[in-house]
Every structure is written in structure tokens, then in C-alpha cells.
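Here is the structure we will look at, set down as C-alpha cells.
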Amino acid sequence: MTELISLPKKRKGESTNWWEEDEQDDFSIQKWKSLEHHGVIFPPDYIPHNIPLFYDDEAISLTSEQEEVATWWSSVIGTEWETKEIFRKNFEQNFLKLFGSDHQIKSLDKCDFKKIAEYVEVQREVKKARPPEEKKQERESKQKLDEEIGYGIVDGKREKISNIIVEPPGLFRGRGQHPKAGYIKTRLRPEDITINVGKSNLVPKCPVPGHAWKNVVHNNYVTWLAYYKDPVLSFSNVKYVYLAASSKFKGLNDKLKYEKARKLKGLIDGIRHDYFDKIKKDNQVNKQLGTALYLIDKLALRVGNEKTEDEADTVGCCSLKVSNISFKENCQITLDFLGKDSMRYFNTVPVDPNVHENLRKFVEGKGPDEELFDLITTSSLNEYLKTFMKSLSAKVFRTYNASVTLQMLLGKFNHKNMQVEEKVQFYTDANREVAILCNHQKSTPKNFEVQMEKMQDKLKDKFESLNLLETHLKGFLSKKIAQNADKKFPTSEENTRKAIVRAKTSIKNMEIKLKMKDDNKTVALGTSKINYMDPRITVAWCKNNEVPIEKVFPKALRSKFIWAMYTEPSWEF
DNA sequence: TGAGGTACTTAGGATTCCAATG
DNA sequence: CATTGGAATCCTAAGTACCTCA
Numbered sequence: 001m002t003e004l005i006s007l008p009k010k011r012k013g014e015s016t017n018w019w020e021e022d023e024q025d026d027f028s029i030q031k032w033k034s035l036e037h038h039g040v041i042f043p044p045d046y047i048p049h050n051i052p053l054f055y056d057d058e059a060i061s062l063t064s065e066q067e068e069v070a071t072w073w074s075s076v077i078g079t080e081w082e083t084k085e086i087f088r089k090n091f092e093q094n095f096l097k098l099f100g101s102d103h104q105i106k107s108l109d110k111c112d113f114k115k116i117a118e119y120v121e122v123q124r125e126v127k128k129a130r131p132p133e134e135k136k137q138e139r140e141s142k143q144k145l146d147e148e149i150g151y152g153i154v155d156g157k158r159e160k161i162s163n164i165i166v167e168p169p170g171l172f173r174g175r176g177q178h179p180k181a182g183y184i185k186t187r188l189r190p191e192d193i194t195i196n197v198g199k200s201n202l203v204p205k206c207p208v209p210g211h212a213w214k215n216v217v218h219n220n221y222v223t224w225l226a227y228y229k230d231p232v233l234s235f236s237n238v239k240y241v242y243l244a245a246s247s248k249f250k251g252l253n254d255k256l257k258y259e260k261a262r263k264l265k266g267l268i269d270g271i272r273h274d275y276f277d278k279i280k281k282d283n284q285v286n287k288q289l290g291t292a293l294y295l296i297d298k299l300a301l302r303v304g305n306e307k308t309e310d311e312a313d314t315v316g317c318c319s320l321k322v323s324n325i326s327f328k329e330n331c332q333i334t335l336d337f338l339g340k341d342s343m344r345y346f347n348t349v350p351v352d353p354n355v356h357e358n359l360r361k362f363v364e365g366k367g368p369d370e371e372l373f374d375l376i377t378t379s380s381l382n383e384y385l386k387t388f389m390k391s392l393s394a395k396v397f398r399t400y401n402a403s404v405t406l407q408m409l410l411g412k413f414n415h416k417n418m419q420v421e422e423k424v425q426f427y428t429d430a431n432r433e434v435a436i437l438c439n440h441q442k443s444t445p446k447n448f449e450v451q452m453e454k455m456q457d458k459l460k461d462k463f464e465s466l467n468l469l470e471t472h473l474k475g476f477l478s479k480k481i482a483q484n485a486d487k488k489f490p491t492s493e494e495n496t497r498k499a500i501v502r503a504k505t506s507i508k509n510m511e512i513k514l515k516m517k518d519d520n521k522t523v524a525l526g527t528s529k530i531n532y533m534d535p536r537i538t539v540a541w542c543k544n545n546e547v548p549i550e551k552v553f554p555k556a557l558r559s560k561f562i563w564a565m566y567t568e569p570s571w572e573f
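With my numbering applied, the first sequence has no gaps in its numbers, which climb one by one up to 573 at the end.
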């Protein structure tokens, strides 16, 4: 077997890699012994441009704070945010508050941001048009800064930090119908930040002169380096600063996640047996538990925690409403609801007859806004799962089903002689099936249609030149001089044959590309690759089939999954 | 048992990068 | 050499899960 992945050399008797160590178990209790880092840094202060806002054709000069917020709005103009009702309404309220009730500015509709918007546009152009050396220098100084403070030291090992710059101020872009979309996200100061470092390690210096961190703690039961209250959702949300995906903290948890899913694989037959039991003959609560778990297992639904009034109204399995389900003939149901990120789940599937009957009963006598599963909660469902395995919870089913599906699909591969590109396409097809199972979507790229047409045209051209080549070849065969004997056509029969082969592969590749593009129009492949499919399945498959790993895992994924790179070709999920 | 808090994973869109193309 | 479009990465919102406390 060729070694297709370049790996750090292992030294005899010395193991510096966490995934080769034995002490992974106590990670669940104590995460580290020493932790050292440079804290967080803050986005640059706002620099005013002193361009006025016009109100009833009158120039209004703004304070720096008002101007900054007005400038945010200016860059929203022309995007769909500008006309999004909640966003606009919330912004107006927030914005007017900055002026006070006796100020003449009383309505967003009458505000004219044109001059500021022009300025924003010009600045954008200026930034884009910077000379390349300047851009390069900027990039380099950014890298240097990152090199200096973008790393922490955990138990003596240098680790990348994922987010050292705290979130800049701006307008809150909540997704879907988020009740707080358009709120002002205020600027964070050192006084908002709690720092976590080792007791005997240096406390990071506050980067803003004359200011100080809110607090410094030494909590080694957690993996975060710092946290702050979210400026918009401060009542509930906390933002953490963590190490990057390549770190031991993240990698080890990731590995444990997949190991848990593999354990579920060993139990799944018993679990399915048990929930079918519950579906059939138990009391109402158990009927709901069994039926909900059936949907989670079969359709890879999220568990669906309750949400508060201050969030977009989305659902998962346990929070499904009567209006989200409809019943079709042949034991089919249609689920239609907005899930995480307000992405629509819309699917018609046949279900087990008992499930179908249960669901019909759950709906009986309820209004459209009432809960389908009114007798259970996500906690009670997870409690039920704990009876099978102490660390089992609903989300493990998504991981398990995604990984099992990938393993099964890749297991069908038996085309070792394929071109690498075709092998990659096979992999992508499997990836897509998983993504569809998990309902990972993306919006159709802008001017997708135009680009498809362009590619179609190109393909047509390629067919035409293939035709010409074949005619040219016939010329040789009938011993006539080909009429295209000039310029761009090959001068020998052999070369013509070669050119034909080249043209054919080129057409084939183009067709593959075209099909992939269309198939992937609305399917997001990345999410399942990053979060759901055990990377060892992919690594083993690549090794077995001589596909270089970088064809399927870009750099960031190779370092995230460094622990999986040593997987043996014979490994199975 | 339910609400709120905490810590972590998962998610799509925006932005940036980079290589192919004219 | 500039443009452009797809891939890769960045950003931060939005989930899950579990704990504590009344």
C-alpha cells in the first residue's frame, strides 16, 4: 500500500500525540493542569467620517456613536436586510433611542443615508483597489500578530486558539423570524471579559491601556479561555473563546463523540426492538417516547428543545406541532417545519403502520399550534435513552446514522481502476446522500442558471470539436488527405487518435462536473463532513482506493482530524 | 418539574483566497 | 496581467445537553 498521506514521524518509545496516550478517560473531569494565553483583543475603535445624515432634506450632524450606527445601516441598504420587517423595526427603535425623544429625528423612513452609503461604497472600492504590496503587507502583519497571540499553551503544548478577537459591534443578524434581528450589538470592552488561566500561569495583560478584565478565574473543569455575555442576547447567551478545531480539547471530544456513536451501533438492534415495543403496547407517554425516537432514528431529526419567546420559532422532533404533520395514503406522512437556522424540513416518507396510527391519535382533538408530542420532553426522551447507555442522547443518532450511511455507501465501491476524479465523485455522491439525510441545505448560488448555461455551451463546443476530429480521422482512414489538414489539426493518424481520446475524457469530465454542480445546487456537503461522518471511514476508504486524502479533506479538515489520519485501511465504523 | 445557567457542538452565509481563464 | 468563480476559511448564530436550584 502506498503511503498517500504525509504524517509526522513517530519516534520510538515516545508519544507526543494525545490520541496515542492512555489517559484520555479523565478528560471528562479535569481538562488541563496548566493553561497560559494572551487573552483576547478588541476590534479597532470607530473612526468618524463626519458625513451628515439628512432628515427632511436637512443635514443632521451626528455624534460618533450615532454616526457609527448610521453607517452600519448604510451598508445594509440594498441588501434584503433593509426591507426585512423585524430587522427594520428593531433597528428603528434602537437607532431612535440614540437621539432621545425630544430630538427631531423620529422616523427611519425619513432618514436619508445616501451620503453615508456613498461613502461606505467608496471605502469598499478603495479597500479593494489597494495595491497588492499593501494587501500582502497587511496579511503578513496579521499573520505575525496571530503568531504572537493566536496560541495558548496547554500542559506545555502550544495550541491554536480559534477566536482571539472579540465580536465587533454591529447590527444583530438573527436568522429566520428572529425577534431581535436588527438590534444594536454594542462594543465590548475589557470590563466585559472573564479570563480563564492556570493558577500558576501568568495572567494575560489587558490590551487596552487604563482598562482591566472583568474577572480572572482558574477553572480547569472547562476548556474555554475567556467568555463574555452576548451584547444582544445577554439575558441568556454567553460567548466563549475556545481552542481551534486542531487542538487536543476539540479533537479528543470529537473522537469520543464518534466512539459513542460506534457504541450505539452495537446497541441499535436492541434499542429499535425496545422502541417498537413502546410504540405498540405501552401507555400514552411511552407511545410518544417510542414514536418520537422512531422519527429521530429514521429521519435523523434533531431532538427539538423548547425555545423562548426571544428566539425564532423553529422546531425539532419533540417540539413538532400538529400543523407540521399531515397524513397521506399508504402509511405516508409529510413533515413540514422550520428547523435549526429556520431551514425548511419538507419530506414525505412511508412509516411503520403502528407509528402512522399513533401519530394520527396524537393529533386528534388538538389545534394546529399544539404540540404533537405533548406528554414528553427532550429531557424525558434523553432519560429514556440513558437506560440503554449512560452517555446516550438524541444527537448521537444523527452522528450514528450519518456515519453508518457513509460506511455503507463507500462499502459499495469496487472500481479501483477509475480515475481519481471519478473516485472523488463517488465519494461526493455518498457525502451528498448523508447531507440530504441530515437536511443540510444552502441557498442556490446567485446566477446559478447563467453559469449552468455557460457550462452547457462549453460542453456543446467540446462535442463539436470531437466531431471534427473524428471526421479528420476518417480522412486518414480513407487515405484521403483530410480537409482540415491545416493549422490546429494533428498531422498524423496516431496523433488524431490521441486527440480524440483526450477530447472524450475532457467531455466526460465536463459532464461529471456539470452533473455534480446541479446535484449540489441546494445541498451543503461540508456540514456532514465536518460534524457527522466519522473521518476514519473516509481515511480508510482513501487508503484502500489510492485516493489522496487532500482530494476529500482540505487542509483545515486534515488538521481537525489529525487523530484519524493513522487509521488502518481495514478499519470500519 | 420547570426555569435558568453553563458549556459545548453544529450551522449557513459572508468573506477571502487562489487558480484557471481570457 | 486582470477577471472571475469555486473552494476554503472565517464568523457568529443557533442548536443540544446537562446541571442546579427552588
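Just so you know, even glycine gets a beta-carbon here, dropped at the ideal spot from N, CA and C.
Roughly how many angstroms lie between the CA atoms of residue i and residue j, to the nearest whole one?
i, j, result
"residue 350", "residue 330", "7 Å"
"residue 541", "residue 558", "15 Å"
"residue 510", "residue 207", "53 Å"
"residue 155", "residue 554", "28 Å"
"residue 382", "residue 161", "32 Å"
"residue 43", "residue 53", "25 Å"
"residue 499", "residue 461", "15 Å"
"residue 215", "residue 192", "9 Å"
"residue 227", "residue 194", "5 Å"
"residue 60", "residue 110", "12 Å"
"residue 67", "residue 316", "41 Å"
"residue 89", "residue 539", "50 Å"
"residue 537", "residue 573", "6 Å"
"residue 237", "residue 318", "23 Å"
"residue 582", "residue 307", "Outside the shown range of the chain, which is 1 to 573, sits residue 582, and nothing can be said about it."
"residue 56", "residue 97", "19 Å"
"residue 519", "residue 526", "15 Å"
"residue 532", "residue 222", "24 Å"
"residue 463", "residue 504", "9 Å"
"residue 140", "residue 152", "20 Å"
On the three-state DSSP scale, how would you describe residue i?
i, result
"residue 323", "helix"
"residue 242", "coil"
"residue 29", "coil"
"residue 6", "The predicted model places residue 6 with a pLDDT of 48, which falls under 50 and marks its position as unreliable; any figure quoted below should be read in that light. Coil at residue 6, not helix or strand."
"residue 376", "coil"
"residue 344", "strand"
"residue 212", "coil"
"residue 267", "helix"
"residue 230", "coil"
"residue 206", "coil"
"residue 223", "coil"
"residue 511", "helix"
"residue 582", "An answer regarding residue 582 cannot be provided, because it is not within the stretch 1 to 573 covered by the chain."
"residue 542", "helix"
"residue 83", "helix"
"residue 190", "helix"
"residue 332", "strand"
"residue 112", "strand"
"residue 412", "coil"
"residue 558", "helix"
"residue 1", "Since pLDDT at residue 1 reaches only 35, below the 50 mark, its modelled position is unreliable, and the value read off the structure follows with that caveat. Correct three-state label for residue 1: coil."
"residue 185", "strand"
"residue 196", "strand"
"residue 217", "strand"
"residue 547", "coil"
"residue 21", "coil"
Strictly by DSSP, which residues pair up with residue i?
i, result
"residue 77", "The partner list for residue 77 (beta bridge, DSSP) is empty, contrary to what the question assumes."
"residue 35", "154"
"residue 338", "344"
"residue 53", "60"
Quiz item: Would the region 168-176 and the region 301-320 be scored as touching if the rule is three or more Cβ pairs under 8 Å?
Solution: Touching, per the Cβ criterion.
Exercise. Give a yes or no on contact between the region 243-255 and the region 199-216, applying the rule of three or more CB pairs nearer than 8 Å.
Key: In this structure the region 243-255 does not touch the region 199-216; the number of beta carbon pairs closer than 8 Å is below three.
Self-check item: Segments assigned alpha helix (DSSP H), at least 4 residues, entirely inside the region 131-178
Solution: Counting whole runs of 4 or more residues, the region 131-178 contains the alpha helix (DSSP H) stretches 132-149.
Practice problem: Within the region 282-318, note down every full alpha helix (DSSP H) run reaching 4 residues or more, in order along the chain. | Solution: Runs found: 284-299.
Exercise. Report yes or no: do three or more beta-carbon pairs, one from the region 416-430 and one from the region 325-345, lie closer than 8 Å?
Key: Pairwise C-beta distances place the region 416-430 out of contact with the region 325-345, as fewer than three of them are shorter than 8 Å.
Practice problem: Check whether the region 225-242 touches the region 357-368, taking contact to mean three or more Cβ pairs, one atom from each stretch, closer than 8 Å. | Solution: Inter-segment contact for the region 225-242 and the region 357-368 is absent: fewer than three beta-carbon pairs are separated by less than 8 Å.
Quiz item: Which ranges would you report for the beta strand (DSSP E) in the region 426-503 if only whole runs of at least 3 residues count?
Solution: None, since the region 426-503 contains no complete beta strand (DSSP E) of that length.
Practice problem: Could you tell me whether the region 336-356 touches the region 272-281, where touching means 3 or more Cβ pairs closer than 8 Å? | Solution: Taking 8 Å as the limit for Cβ pairs, the verdict is that the region 272-281 does touch the region 336-356.
Practice problem: Indicate whether the contact test is met: 3 or more Cβ pairs, each with one atom in the region 374-389 and one in the region 424-432, closer than 8 Å. | Solution: Touching, no, given that fewer than three Cβ pairs across the two stretches are closer than 8 Å.
Quiz item: Is the region 69-87 in contact with the region 108-125, if contact means three or more CB pairs nearer than 8 Å?
Solution: The region 69-87 is in contact with the region 108-125.
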